[in-house]
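A.B. asks: Numbering (the working numbering), first residue to last: 426 to 907. The C-beta atom is built at its ideal place from N, Cα and C for all residues, glycine as well.
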DNA sequence: ATGTGC
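(1) What residue range is occupied by the uninterrupted alpha helix (DSSP H) comprising residue 650?
(2) Buried or exposed: where does residue 520 fall if 16 or more other Cβ atoms within 10 Å of its Cβ makes it buried?
(3) Can you pull the DSSP bridge partners for residue 715?
(4) Helix, strand or coil for residue 640 per DSSP?
(5) What three-state label does DSSP hand residue 591 in the structure shown?
(6) Do you know whose CA, among 728, 801, 759, 896, lies nearest residue 497's CA?
(7) Please state whether the Cβ-Cβ distance between residue 656 and residue 635 is less than 8 Å.
(8) Alpha carbon to alpha carbon, how far is residue 701 from residue 901? Give it in angstroms, no decimals.
(9) Grouping DSSP H, G and I as helix and E and B as strand, with all else coil, what is residue 708?
(10) Are the CB atoms of residue 877 and residue 832 nearer to each other than 8 Å?
(11) How do the segment 730-745 and the segment 760-769 stand: do at least 3 beta-carbon pairs fall below 8 Å, yes or no?
(12) Of all the options 797, 732, 812, 798, which has the alpha carbon lying nearest to the alpha carbon of residue 774?
(13) Roughly how many whole angstroms lie between the Cα atoms of residue 561 and residue 440?
(14) Is it right to say residue 525 is buried, meaning 16 or more other beta carbons lie within 10 angstroms of its own, or is it exposed?
(15) Secondary structure at residue 627, three-state DSSP: helix, strand or coil?
(16) Taking C-beta to C-beta, are residue 807 and residue 788 nearer than 8 Å?
(17) At 3 residues or longer, and completely inside the segment 789-875: list those beta strand (DSSP E) runs for me, N to C.
(18) Would you report the Cα separation of residue 535 and residue 728, rounded to the nearest angstrom?
(19) Going straight from the alpha carbon of residue 720 to that of residue 648, what length do you get?
(20) Quick test of your reading: residue 510 and residue 662, contact by CB under 8 Å. State the CB separation rounded to the nearest angstrom.
(21) Taking residue 478 as part of the beta strand (DSSP E), name the residues at either end of that continuous run.
(22) So, under 8 Å CB-CB, residue 803 and residue 436 are touching, yes? Tell me the CB distance rounded to an integer number of Å.
(23) List the whole-angstrom C-beta distance separating residue 783 from residue 892, where the pair is believed to meet the contact cut-off of C-beta under 8 Å.
(24) Name the residue from 505, 882, 564, 447 whose alpha carbon lies nearest to the alpha carbon of residue 795.
(25) Would you identify the three-state DSSP class for residue 697, choosing helix, strand or coil?
(26) What whole-angstrom Cβ distance do residue 689 and residue 865 have, given they're in contact under 8 Å?
(27) So, does the segment 678-698 touch the segment 484-491, judging by three or more C-beta pairs under 8 Å?
(28) Do residue 474 and residue 451 have their CB atoms nearer than 8 Å?
(29) In or out: residue 868 buried (at least 16 other Cβ within 10 Å) or exposed?
(30) Within a Cβ cutoff of 7 Å, which residues of the same chain sit near residue 825, ignoring the five residues on either side of it in sequence?
(31) What distance in whole Å lies between the Cβ atoms of residue 853 and residue 906, which are believed to be in contact at a cut-off of 8 Å?
(32) Please work out which residues of its chain come closer than 7 Å, Cβ to Cβ, to residue 529, disregarding the five sequence neighbours upstream and downstream, and give them in chain order.
(33) Considering only residues of the same chain and omitting the five flanking positions on each side of residue 612, which have a CB-CB separation below 6 Å?
(34) With a threshold of 16 other CB atoms inside 10 Å of the CB of residue 679, please say whether the residue is buried or exposed.
(35) Determine the DSSP secondary structure at residue 619, reduced to helix, strand or coil.
(36) What residue from 453, 445, 714, 726 has the CA that sits closest to residue 431's CA?
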């Protein structure tokens, strides 16, 4: 057999057919993965003989490459192995308050007033002019800091001092190598009006209560206490990143064809990293990644302002950490330099890989959200995760498709074409303890807790395999979604 | 994920 179970947590996909190397999947023996997702991972193992190919416990089918994959390559890069939502990621912010004293619903209502939810939304209050946008694309959060310092109106919303304090708590300090000069005007235009918007799908802002601390020492070092209110943000680079991804996936198909590179399917098109097409993608992807870091920074400010308005005082609300889910970066692993694509996967560096950061003793914080009705986790990277290029999953992973969960509804007359698998009653039951604000009540069941895997079992797999250790578990109090 | 469609 080409698939071999190694232990309770690991599955090996042995080199067969188009594969140039083995692939490793972290999958608990009590869990299953779509065979199509595993085939996509096999395809991804065909592009570079020196590649490291890993599937995470939430692996599922994506465009060309599965969501929940890590692909470390020596020579080639693939826009599909990053995906459409470039630098989609998570941020966790702390409050000094316990859940019993916190006006959860009023704060959620206040956030909603300032934060546009759902697809296609723009935020006129934060619309950026050309040169401000260029600064943000080229320099990420530090670019935003300089915009906030030179523009009084934006500075009032963003609070530059608090932003500066956040910098060391963001992966790569919120800035990747990037060149706005390689971006299309169309991509820039889509971004200019979308800063400070949440987006749709699985993106969210969630007010949570720390339910359980599992590592007291680490929790103390991070400022986490049982019963405390925290806020989690999940969003990405919006239409700008989508535009960059689609343009470069098309360029990659043409470039690969011109160079006679073969691939199992066109969705997986790849290009030499050291080529015009490769460098342009990395520079454009960097811009989109910077835009996403900045978007989470802006939303953090909107949340802080909403909280301060309701409580009539600022709570500070420092950032615990901000991580990327969809990105490719040139990293050193052992003696090798690899282009590490993480698609629906989180970097989880141990302390030894966090030199020159504030986490050099502790390791990198890792944020894993569950579904909107279930727990989320804070973990820390460990030294034993070299096998996954120090990477873990990014969430619970779906067990049913969006249409299977919510059903398909004909828009014109409202007639149901195909009923969803989750009844309204069951949905309300699973959400009874959570205050839900959403833009579109007709599609929200796509995100129902029952549509996702059991996040506790997914995290058990990560811990059991030695990829990270749990610091704390949080439960949702209120959630805002597109 | 996405002004969700070549």
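C.D. replies: Quick look at the numbers:
(1) Careful: residue 650 lies outside any alpha helix (DSSP H) and carries neither H nor E.
(2) buried
(3) None; residue 715 has no bridge partner.
(4) coil
(5) helix
(6) 759
(7) no
(8) 46 Å
(9) helix
(10) no
(11) no
(12) 812
(13) 43 Å
(14) exposed
(15) coil
(16) yes
(17) 790-793, 801-806, 816-818, 832-834, 841-844, 860-863
(18) 8 Å
(19) 24 Å
(20) 7 Å
(21) 477-485
(22) With a Cβ gap of about 27 Å, residue 803 and residue 436 do not count as contacting.
(23) No, residue 783 and residue 892 are not in contact; Cβ-Cβ is about 22 Å, not under 8 Å.
(24) 882
(25) strand
(26) So it is not a contact: roughly 36 Å between Cβ atoms.
(27) yes
(28) no
(29) buried
(30) 846, 876
(31) Not confirmed; about 16 Å, so no contact.
(32) 632, 860, 902, 903
(33) 665, 668, 669
(34) exposed
(35) coil
(36) 453
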